[in-house]
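The structure appears right after this line, and notes come after that.
Number of protein chains: 2
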Amino acid sequence: MKYFHFPFKHRLATQFNLFDPFDSLDSTCSSLLCRHAHNIRVLLCVDPTPVSSDLLSLLLALELIVGSTVDVDHINLPECGRCGITVTNVGVAFSEDVADLAVGLLIDVLRKISLVTASLSLLPGLKPVITHWALRFNLTHNWIGGKRVGVVGMGKIGSEVVKRLQAFGCIISYNSKRKKSAIPFPYYPDVYELVVNSDVLVVCCALTEETHHIINKDVMTALGKEGVIINVGRGALIDEKEMVKLLVRGEIGGVGLDVFENEPHVPKELFQLDNIVLSPHCAVATPECFDALEELIVFNLKAFFANKTLWLMVNLE
Amino acid sequence: MKYFHFPFKHRLATQFNLFDPFDSLDSTCSSLLCRHAHNIRVLLCVDPTPVSSDLLSLLLALELIVGSTVDVDHINLPECGRCGITVTNVGVAFSEDVADLAVGLLIDVLRKISLVTASLSLLPGLKPVITHWALRFNLTHNWIGGKRVGVVGMGKIGSEVVKRLQAFGCIISYNSKRKKSAIPFPYYPDVYELVVNSDVLVVCCALTEETHHIINKDVMTALGKEGVIINVGRGALIDEKEMVKLLVRGEIGGVGLDVFENEPHVPKELFQLDNIVLSPHCAVATPECFDALEELIVFNLKAFFANKTLWLMVNLE
Numbered sequence: 002m003k004y005f006h007f008p009f010k011h012r013l014a015t016q017f018n019l020f021d022p023f024d025s026l027d028s029t030c031s032s033l034l035c036r037h038a039h040n041i042r043v044l045l046c047v048d049p050t051p052v053s054s055d056l057l058s059l060l061l062a063l064e065l066i067v068g069s070t071v072d073v074d075h076i077n078l079p080e081c082g083r084c085g086i087t088v089t090n091v092g093v094a095f096s097e098d099v100a101d102l103a104v105g106l107l108i109d110v111l112r113k114i115s116l117v118t119a120s121l122s123l124l125p126g127l128k129p130v131i132t133h134w135a136l137r138f139n140l141t142h143n144w145i146g147g148k149r150v151g152v153v154g155m156g157k158i159g160s161e162v163v164k165r166l167q168a169f170g171c172i173i174s175y176n177s178k179r180k181k182s183a184i185p186f187p188y189y190p191d192v193y194e195l196v197v198n199s200d201v202l203v204v205c206c207a208l209t210e211e212t213h214h215i216i217n218k219d220v221m222t223a224l225g226k227e228g229v230i231i232n233v234g235r236g237a238l239i240d241e242k243e244m245v246k247l248l249v250r251g252e253i254g255g256v257g258l259d260v261f262e263n264e265p266h267v268p269k270e271l272f273q274l275d276n277i278v279l280s281p282h283c284a285v286a287t288p289e290c291f292d293a294l295e296e297l298i299v300f301n302l303k304a305f306f307a308n309k310t311l312w313l314m315v316n317l318e
Numbered sequence: 002m003k004y005f006h007f008p009f010k011h012r013l014a015t016q017f018n019l020f021d022p023f024d025s026l027d028s029t030c031s032s033l034l035c036r037h038a039h040n041i042r043v044l045l046c047v048d049p050t051p052v053s054s055d056l057l058s059l060l061l062a063l064e065l066i067v068g069s070t071v072d073v074d075h076i077n078l079p080e081c082g083r084c085g086i087t088v089t090n091v092g093v094a095f096s097e098d099v100a101d102l103a104v105g106l107l108i109d110v111l112r113k114i115s116l117v118t119a120s121l122s123l124l125p126g127l128k129p130v131i132t133h134w135a136l137r138f139n140l141t142h143n144w145i146g147g148k149r150v151g152v153v154g155m156g157k158i159g160s161e162v163v164k165r166l167q168a169f170g171c172i173i174s175y176n177s178k179r180k181k182s183a184i185p186f187p188y189y190p191d192v193y194e195l196v197v198n199s200d201v202l203v204v205c206c207a208l209t210e211e212t213h214h215i216i217n218k219d220v221m222t223a224l225g226k227e228g229v230i231i232n233v234g235r236g237a238l239i240d241e242k243e244m245v246k247l248l249v250r251g252e253i254g255g256v257g258l259d260v261f262e263n264e265p266h267v268p269k270e271l272f273q274l275d276n277i278v279l280s281p282h283c284a285v286a287t288p289e290c291f292d293a294l295e296e297l298i299v300f301n302l303k304a305f306f307a308n309k310t311l312w313l314m315v316n317l318e
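If you read the protein sequences in the order shown, they are chains B and R. For the first sequence, this note's numbering gives the first residue as 2, with consecutive numbering after it. For the second sequence, this note's numbering gives the first residue as 2, with consecutive numbering after it.
This is the structure in structure tokens:
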């Protein structure tokens, strides 16, 4: 097991025989693998830690990978299929927390909350007359109600985002692989068409070959100078290099990002801008999510060792 | 007219004879008043600029004060009543924007968005392995859904706040002068009772003699170490000195504040804490609000000079 840093690790260790590279004196993964690879039957994949075919080729006894994320694109699924390794994910358990953060990032970018908090902190001696106070920060904010929000990806997260934004009076439309009969909002099969009808994009689809860089230079340019992008899906859904260039040149209005293309690397140009709000891929880092995750992991580990049916198996065909 | 800094000032000046102390070489209010006090028939009160009985005693021709805020507690209303001066406010025009900011502050405090954005900016060279990234910030966030939110003040802003928070799955209850039949949530006539049943307080009532320091030391202590307070009403609704002490001692969980007791003064202790989100009384500083405000002000000024009925007159009895 690699990079094991769940807050409930000590409880798991009382029930299962855990190997964590961070526990050994020589904390390299390879040393752990050399000693234990032939015994490891289950790999618990913490966050989107890559599980490559090279890693899989070392774990000859591996039967199950318990994922701790919604998307499992970081795991080489075709190779798992070929080797008969079962993979589980976390289903929709985290959707509400991801939607909460998406809406929080959206309000923060449009209303400049992080910027203002940081600005006030930098200027504790500021003593203007009261009416100048807000205007000194050039704080003409953007209204939330009436904004045309285009949601890219209408799974469980997307529908939770929509539920929240409706209450703010946003005008919703969406793009996804196919039209969803339960979603009473305009559907655009082409993301470019969605964007030309949107002020704000919320990106929350799965990362696949088809959706890699779905938000490319053309799409972002079409969104325009006032346009805002929120990404709580995966970094590589956006062409990050192009996004940075457009932000630096003021050709898109702002971004709120929980995910980045090469995590933990964050493009340093972003730190020079004041129309960005960033969080380090922590949309699901709530105590309630960790509780749900622990329950799910324990259930699947117990089920596996008791030869019972697992929860949330990923279709590998 | 005092501290006149609306973005639409130039348009007003084409229709009315405006006096703005900031336009004169000697920009003190007193010099402007000495020259023009006897001619001024209308005072346009920008933001919560105090209108004292002293100021009123100088403006002998004053017939109307056009307020630019929801609450007009900064205007000496009894004195206006005695002098036969009409006062208008902005009614519910800004309620949705204030509610948006309240919810934005709430998500920001609970999910630590401003803190994380600032932390990432301070650590651009940070290169931990990906799974440590979020945990390095000790980012176990608070869930939004399921939080018991107590709303203090159930006017138009309060009801807009409730509409939004319901979509997040929050559990709502409220305190206000009286029970509102249209609000289907538990009502607590005593704010202390509300607090012991709440995880988060959203304070959005009017400031009156009765509500001054309604959130006092006892109330805040009852809210407890995990409790969060959002204030988008008026600073003096909270005993700010006690709030700062409790925050410093870790006896309340966090605050999101758009208003302060002695604006523009912000207690400097707040800048040392990481569980605060601040904005400089700018809940309504959106372009759409300014448009609505301009329309309202122009309407009332024209109506006044044409002896027609004004919008949104404040009851002075």
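Even for Gly, the Cβ is constructed at its ideal location relative to N, Cα and C. Remember, predicted model here, so these are calculated numbers, not experimental data.
Please say whether residue j and residue i have beta carbons closer to each other than 8 Å?
| i | j | result |
| --- | --- | --- |
| B/Leu107 | B/Ile231 | yes |
| B/Ser69 | B/Val43 | no |
| B/Thr87 | B/Met314 | yes |
| B/His75 | B/Val47 | no |
| B/Ser174 | B/Pro187 | yes |
| B/Leu166 | B/Val192 | no |
| R/Val267 | R/Val233 | no |
| R/Gly105 | B/Ile114 | yes |
| R/Phe20 | R/Leu302 | no |
| R/Asp320 | R/Val245 | With chain R running from 2 to 318 in the structure shown, residue 320 of chain R is simply not present. |
| R/Ala304 | R/Leu311 | yes |
| B/Val285 | B/Glu270 | no |
Where residue i and residue j are concerned, what is the direct C-alpha to C-alpha distance, given to the nearest angstrom?
| i | j | result |
| --- | --- | --- |
| R/Gly154 | B/Glu97 | 28 Å |
| B/Val117 | R/Leu274 | 15 Å |
| B/Ala100 | R/Glu210 | 40 Å |
| R/Ala103 | R/Glu252 | 22 Å |
| B/Lys180 | B/Cys290 | 29 Å |
| R/Thr287 | R/Gly257 | 19 Å |
| R/Lys148 | B/Met221 | 36 Å |
| B/Asn77 | B/Val229 | 33 Å |
| R/Glu264 | R/Ala38 | 27 Å |
| B/Asp72 | R/Cys206 | 44 Å |
| B/Cys283 | R/Ala119 | 15 Å |
| R/Leu56 | R/Leu317 | 18 Å |
| R/Val163 | R/Phe169 | 10 Å |
| B/Val93 | B/Leu208 | 16 Å |
| R/Thr212 | B/His213 | 54 Å |
| B/Ser280 | B/Cys84 | 36 Å |
| R/Val204 | R/Tyr189 | 14 Å |
Taking the alpha carbon of residue i as the reference point, which residue from the options has its own alpha carbon closest?
| i | options | result |
| --- | --- | --- |
| B/Ser199 | B/Cys171, B/Ser54, B/His39, B/Ile114 | B/Cys171 |
| R/Glu241 | R/Cys81, R/Asn217, R/Arg112, R/Thr212 | R/Asn217 |
| B/Lys10 | B/Phe305, B/Val299, B/Glu318, B/Gly146 | B/Val299 |
| R/Leu45 | R/Glu318, R/Arg112, R/Asn308, R/Glu295 | R/Glu295 |
| B/Leu1 | B/Ile145, B/Val93, B/Arg83 | Residue 1 of chain B lies beyond the range of chain B shown here (2 to 318); nothing can be said about it. |
| B/Val196 | B/Ala237, B/Leu208, B/Leu247, B/Leu224 | B/Leu224 |
| R/Cys81 | R/Lys246, R/Leu63, R/Lys157, R/Leu202 | R/Leu63 |
| B/Val67 | B/His213, B/Val201, B/Lys269, B/Ile41 | B/Ile41 |
| B/Asp219 | B/Arg235, B/Leu247, B/Val204, B/Leu59 | B/Leu247 |
| B/Phe95 | B/Arg83, B/Lys157, B/Cys84 | B/Lys157 |
| B/Gly159 | B/Ser54, B/Leu202, B/Pro190 | B/Leu202 |
| R/Arg36 | R/Ala14, R/Leu61, R/Ser54, R/Leu13 | R/Leu61 |
Put residue i into one of helix, strand or coil per three-state DSSP.
| i | result |
| --- | --- |
| R/Thr89 | strand |
| R/Leu45 | strand |
| B/Val204 | strand |
| B/Val256 | strand |
| B/Lys309 | coil |
| B/Met314 | strand |
| R/Val104 | helix |
| B/Gly68 | strand |
| B/Tyr188 | strand |
| R/Asn301 | helix |
| B/Ile158 | helix |
| R/Leu60 | coil |
| B/Leu279 | strand |
| R/Val52 | strand |
| R/Ser115 | helix |
Original post:
Of the residues that make up the segment 276 to 298 of chain B, which ones have a beta carbon closer than 8 Å to any beta carbon in chain R?
Top reply: Taking 8 Å as the Cβ-Cβ cut-off against chain R, the residues of the segment 276 to 298 of chain B that qualify are Ile277, Val278, Leu279, Ser280, Pro281, His282, Cys283, Ala286, Thr287, Pro288, Glu289, Cys290, Phe291.
Subject >> chain B contacts made by the segment 96 to 109 of chain R, where a contact means CB separation under 8 Å >> reply: Contact annotation: in the segment 96 to 109 of chain R, residues whose CB is within less than 8 Å of a CB in chain B are Glu97, Asp98, Asp101, Leu102, Val104, Gly105, Leu106, Ile108, Asp109.
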